[in-house]
Every structure is written in C-alpha cells, then in structure tokens.
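Colleague:
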Amino acid sequence: MEFFSVVERLTAPGHSAVTYDPERCLYSHDKFTSCEACLDACPLEAIQPGQPPRFDAKACAGCLACLPLCPTGAYSAEDAVHDLLNCASLVESARLELVCQAHPKAQGGASEDTVGIRVRGCLSGLGSGTYLALAALGTEKISVRLDACSECPWGKLRKQVEAQVEDARHLLAAWDKADLVQAVTALERDCLRPLREAQNPPLSRRDLFVMLSRQGQATLARAIESKDALAGKQAGRGHRRLANAVAHLPQPKTDANPSLAGLGFGTLEVSETCTACGSCARICPTGALTFQVDRNGSNYLLCFSPQQCIGCQACLHVCAESSTRLDRAPSFDQVFGSKEPIPLRSGELSRCERCHALFAARPGVLLCPVCESRKQNPFGSRLPAGFDLPKARRP
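Here the sequence shown is numbered in our numbering, starting from 69 and rising by one per residue.
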C-alpha cells in the first residue's frame, strides 16, 4: 500500500463552491413541473424563484443543503459525504457522532465510547442515503447532533436534517436497524471523546495499522460513494447515493417491504394505448425510461429502471394518449426488487403512409396518430399533452 498517496488524498481540502447548471434543472426538461426543492431549502435565499430558479453564487454560504435535494443534480460541489465515509472507514469505533462545521461545542460529546466526526457544511447536506451508507460500512450507532441549531444562521435546516434522519430510520427498519441513527437535540451530559475532521483525519502510526486492517470498509466506502461526474441523464446525487447504499446492504428481512412514499421514487405502467412515439424516454431527465428500435425498424421496446426514477411526472406530461400511469408511493420491492430494467411495452412497428413516421402497429391502421387526427379534424389542431386553452373572458 502507498502510504504517501493515501495521506495526500486524505489531507487534500477537496472543497469547491456550489455551482448551478440550469440546463439540468427539471424546468429545462418539463415546463409543467412544480419542483421547488431547492427554493424551500436555501436558508439565505441564494436561490430565487424562476423557471428554472436563479442562483446567486455570491450569496451562497456553502451549507450544501441543495446538493442531496436536487432530483437531477443541477447543483454541484464537493460535498462532505465522500470525506465522511472515508473517515468512518478508518476509525476504530463503530459508534459515531456527526457534527457540522459550525457547531460551537464539537469537542464535547454525548458519550465517551463514541468518536465525533466534524463535516464541512451543514448536516442537511448529507441526505438520508448517507446514513444507509454508514450502516453498510458496519456502523452500529449514529448520533446526529442538532443541539446547536437554534443559534445557527442555518437553523431553518434543522427540520430538513430531522426529516432525513426519519427517512433513514424508516428504511433501516427493513433490516431491524431503525435505532442505528438518531437525532440528538440536547445533551444530557457533556463528555470528552475523540473528534475527527472528516476532511483531514489524523494519521498516526496506529491509524495506519487501522487502515491496513480495514481495507474492506475503505473499499466499500469508495464503491458506495461513486465519484462519477454528472454527465448525461442521471438522477441527483442524493437519489443515487441512497440506491448505491441499498445495493451494498444485505438482503432485508423477507417480510419487510416499506413504502417509499415521499422519498422521490416512482414506478410506471404503460397501457395498450401507447403509440410507441418514444416521447416519454426522450424527456425523462434521469434515463429511467429507454426506448429502442431494432435495426430494421420493425420492432420496439420500452424499458423502465425504477431505481433511476425520481417521480417527476415529465413522462405523463408529454404522453398525448395518456398511456402512462405513475405511482409515487411504490414499495421497497417494486423499486429494489430487480436490478435489471423492466420491459413496459414491446411490439411491432408500422410506417405511416402519409408522413412515414414509425408507430405501434394496429390491425388495419395505416396512419400514425398525428396524421389520423389531422384526417379526422382537417380544420382543427391537436394540443400538446398537459396544455389547456385559456378560458374565454365574459364581457
């Protein structure tokens, strides 16, 4: 093992300011979306309403709360999770206390048998998936310190942290580990315990031996916290992190099938009225839907990956035939029960006699839905999905 390269990696600052790419925002994919996740989170109003929202980088104080919330990864920065998982894989204790960078009493803890880890930014920047990732690393107890939030300029984010903790507890119940993580709102007594800096954990000779003995945990931490760049269609980092953590946990109890309502997942059904236009796959911002046509243009296949679905409803908004139905409260098994994409619709294709476009074959049907509509209504028009004409004003 190359100790010097490890030391260099662990002591690197790894900090970058939050940047915003409006092209990745849901509003740039679907004008009918009502997503306001980032607007509700920002404690300093660095994010202003708009379609897409406007981001003032100068007003941003680096709390990182927007990073796990954005469903499409429009906000980017080096968050605290990679350093946290790396640090947790090195410490000997399996009982951790997490404190934010602004905590005024981080040196003191709730118990002597824990190790404190101070992370950059606010704890709201971790997301619920981070607690599942720590569980996958073998952590036995996680205390999330919220006892100083009332004095913090980011204090409004306390509710977000509490919600993340509750979501993690809800999911960890499938492994009988709901009590693994808890929010600490007040300390019964102030105890001395070690405090590690997630970005720059101390590396004594003993620590190096610990690293050698815990290579399995370090490798697992790197696997869970994938460092792939947000290129192309992908869900946001909070969504992907949760899915990665679940993939590295053992199989849950056979009778455990918790609901994922409110966690940003969805499952999709497509009816027989589907015309194989492929619009749903083209608009899907995360690549959860894929539409394939064979080389001969004679058959099509529409597939769905529920772990990548963020429940944004963009596919519903563009479906002219209203063929799609989205369940935003799926069960754990519906989302994580299969690792392979699920075929939704498949069949033969026909080529329109008028415009030559491909569409799902129907007995005796020679025109695509658009041309058929124009034939039936030569002086009318077909409105886009989700579009309503304004009501006429009364005189």
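For each residue, glycine too, the CB sits at the ideal point set by N, CA and C.
Relative to the C-alpha of residue 216, which candidate in 210, 225 and 209 has its C-alpha closest?
Modeller: Within the sequence shown, the letter at position 148 stands for residue 216. If we check each option's Cα against that of residue 216, 225 comes out closest.
Colleague: Within the stretch 398-434, note down every full beta strand (DSSP E) run reaching 3 residues or more, in order along the chain.
Modeller: 410-419 and 426-428
Colleague: Classify residue 328 as helix, strand or coil using the three-state DSSP reduction.
Modeller: The count along the sequence shown starts at 1 and reaches residue 328 at position 260. Residue state, collapsed to three classes: coil.
Colleague: Pair every Cβ in the stretch 333-352 with every Cβ in the stretch 387-407, then say whether three or more of these pairs are closer than 8 Å.
Modeller: yes
Colleague: Going by beta carbon distance, what residues of the same chain come within less than 7 Å of residue 138, once the five residues before and after it are set aside?
Modeller: Locating residue 138 in the sequence shown gives position 70, where the first residue counts as 1. Excluding residues within five positions, the ones whose Cβ falls inside 7 Å are 105, 106 and 304.
Colleague: Kindly indicate which three-state DSSP category residue 308 falls into: helix, strand or coil?
Modeller: To locate residue 308, count along the sequence shown from 1; it is residue 240. Three-state result, residue 308: helix.
Colleague: With DSSP run on the structure shown, which of helix, strand or coil describes residue 182?
Modeller: Taking the sequence shown and counting its residues from 1, one reaches residue 182 at position 114. Of the three classes helix, strand and coil, the one that applies to residue 182 here is coil, per DSSP.
Colleague: Can you look up residue 242 in the DSSP assignment and give me helix, strand or coil?
Modeller: Sequence index remark: in the sequence shown, residue 242 carries index 174 (1-based). DSSP places residue 242 in helix when its eight states are reduced to three.
Colleague: Terminal residues of the continuous alpha helix (DSSP H) containing residue 442?
Modeller: For this step, residue 442 is matched to residue 374 along the sequence shown. Counting along the chain, the alpha helix (DSSP H) containing residue 442 begins and ends at 437-444.
Colleague: Buried or exposed for residue 21, going by 16 or more other Cβ atoms inside 10 Å?
Modeller: As displayed, the chain neither begins before 69 nor continues past 463, which places residue 21 out of reach and without an answer.
Colleague: Out of 194, 163, 189 and 198, point me to the one whose CA is closest to residue 181's CA.
Modeller: Residue numbering aside, residue 181 sits at position 113 when the sequence shown is read from its first letter. Of the listed residues, the one whose Cα sits closest to residue 181 is 163.
Colleague: Cα-Cα, which of 265, 405, 144 and 252 is closest to residue 322?
Modeller: Locating residue 322 in the sequence shown gives position 254, counting from the first residue. The residue from 265, 405, 144 and 252 with its alpha-carbon nearest to that of residue 322 is 405.
Colleague: Closer than 8 Å by C-beta to residue 320: which residues in its own chain qualify, once you throw out the five before and the five after it? Chain order, please.
Modeller: Mapped onto the sequence shown, residue 320 falls at position 252. The residues are 242, 243 and 400.
Colleague: Whole angstroms is fine: what's the gap from residue 199's alpha carbon to residue 314's?
Modeller: Within the sequence shown, numbered from 1, the residue matching residue 199 stands at position 131. Within the sequence shown, numbered from 1, the residue matching residue 314 stands at position 246. C-alpha separation (whole angstroms): 11 Å.
Colleague: Find out if the Cβ-Cβ distance for the pair residue 212, residue 187 is shorter than 8 Å.
Modeller: As a first step, residue 212 must be located in the sequence shown, where it is residue number 144. As a first step, residue 187 must be located in the sequence shown, where it is residue number 119. Result no, Cβ atoms of residue 212 and residue 187 do not sit closer than 8 Å.
Colleague: Given that a residue counts as buried once 16 or more other Cβ atoms are within 10 Å of its Cβ, and exposed if not, what is residue 414?
Modeller: Here residue 414 refers to the residue found at position 346 when the sequence shown is read from its first residue. Residue 414 comes out exposed.
Colleague: Identify the continuous alpha helix (DSSP H) that holds residue 159 and give its terminal residues.
Modeller: Stepping through the sequence shown from its first residue, residue 159 is reached at position 91. Run containing residue 159: none; DSSP gives neither H nor E here.
Colleague: Please list the segments of the beta strand (DSSP E) lying wholly inside the stretch 203-228, counting only runs of 3 or more residues, in order along the chain.
Modeller: 209-213
Colleague: Of the choices 190, 205 and 240, whose alpha-carbon is the least far from that of residue 227?
Modeller: Along the sequence shown, read from residue 1 onward, the residue named residue 227 stands at position 159. With distances taken between Cα atoms, residue 227 lies closest to 190.
Colleague: Name the two residues that bound the continuous alpha helix (DSSP H) containing residue 383.
Modeller: One-based indexing of the sequence shown puts residue 383 at position 315. Unbroken alpha helix (DSSP H) run through residue 383: 382-386.
Colleague: Can you check DSSP and say which residues form a bridge with residue 268?
Modeller: Start at 1 with the first residue of the sequence shown, and residue 268 comes out as number 200. Its beta-bridge partners do not exist; DSSP assigns none.
Colleague: For residue 445, does the count of other Cβ atoms within 10 angstroms reach 16, so buried, or fall short, so exposed?
Modeller: Position 377 of the sequence shown, counted from the start, is the residue given in the question as residue 445. By the 10 Å Cβ count, residue 445 comes out exposed.
Colleague: For residue 86, which of helix, strand or coil comes out of DSSP?
Modeller: Stepping through the sequence shown from its first residue, residue 86 is reached at position 18. Coil.
Colleague: To the nearest angstrom, how far is the alpha carbon of residue 358 from that of residue 183?
Modeller: Residue numbering aside, residue 358 sits at position 290 when the sequence shown is read from its first letter. Residue numbering aside, residue 183 sits at position 115 when the sequence shown is read from its first letter. Their Cα atoms are separated by approximately 45 Å.
Colleague: Hey, is the stretch 416-426 in contact with the stretch 372-386, meaning 3+ C-beta pairs nearer than 8 Å?
Modeller: no
Colleague: Is the distance from the Cβ of residue 251 to the Cβ of residue 233 below 8 Å?
Modeller: Taking the first residue of the sequence shown as position 1, residue 251 is located at position 183. Taking the first residue of the sequence shown as position 1, residue 233 is located at position 165. In this structure, residue 233 lies closer than 8 Å to residue 251 by Cβ.
Colleague: With a floor of 3 residues, list each beta strand (DSSP E) that falls wholly inside the stretch 332-385, ordered by position along the chain.
Modeller: 335-338, 357-361 and 367-372
Colleague: Tell whether a beta-carbon distance below 8 Å holds between residue 145 and residue 86.
Modeller: Here residue 145 corresponds to residue number 77 of the sequence shown, with the count starting at 1. Here residue 86 corresponds to residue number 18 of the sequence shown, with the count starting at 1. Yes, Cβ-Cβ distance for residue 145 and residue 86 is below 8 Å.
Colleague: In the DSSP output, which residue or residues are listed as bridge partners for residue 248?
Modeller: The count along the sequence shown starts at 1 and reaches residue 248 at position 180. Per DSSP, none; premise fails for residue 248.
Colleague: Can you tell me which of 419, 442 and 203 puts its alpha carbon nearest to the alpha carbon of residue 431?
Modeller: Start at 1 with the first residue of the sequence shown, and residue 431 comes out as number 363. Residue 419 is the option with its Cα nearest to residue 431.
Colleague: Rounded to a whole number of angstroms, what is the C-alpha to C-alpha distance between residue 408 and residue 372?
Modeller: Sequence index remark: in the sequence shown, residue 408 carries index 340 (1-based). Sequence index remark: in the sequence shown, residue 372 carries index 304 (1-based). Going by the C-alpha atoms only, they are around 9 Å apart.
Colleague: Is the beta carbon of residue 236 sitting closer than 8 Å to the one on residue 316?
Modeller: Position 168 of the sequence shown, counting from 1, holds the residue named residue 236. Position 248 of the sequence shown, counting from 1, holds the residue named residue 316. No. Outside cutoff.
Colleague: Go ahead and pull the three-state DSSP assignment for residue 119.
Modeller: As a working note, residue 119 is residue 51 in the sequence shown. Reduced to three states, the DSSP call for residue 119 is coil.
Colleague: With DSSP collapsed to three states, give me the class of residue 395.
Modeller: Looking up residue 395 in the sequence shown gives position 327. In the structure shown, residue 395 sits in a strand (DSSP, three-state: E or B).
Colleague: Restricting to Cα atoms, I'd like to know which of 196, 214, 120 and 263 is closest to residue 176.
Modeller: One-based indexing of the sequence shown puts residue 176 at position 108. Of 196, 214, 120 and 263, the residue nearest in Cα terms is 263.
Colleague: For residue 108, I'd like the list of residues in its chain whose CB is within less than 6 Å of its CB, leaving aside the five on either flank, ordered along the chain.
Modeller: What you label residue 108 is simply residue 40 of the sequence shown in a count that begins at 1. So no residue of the chain qualifies.
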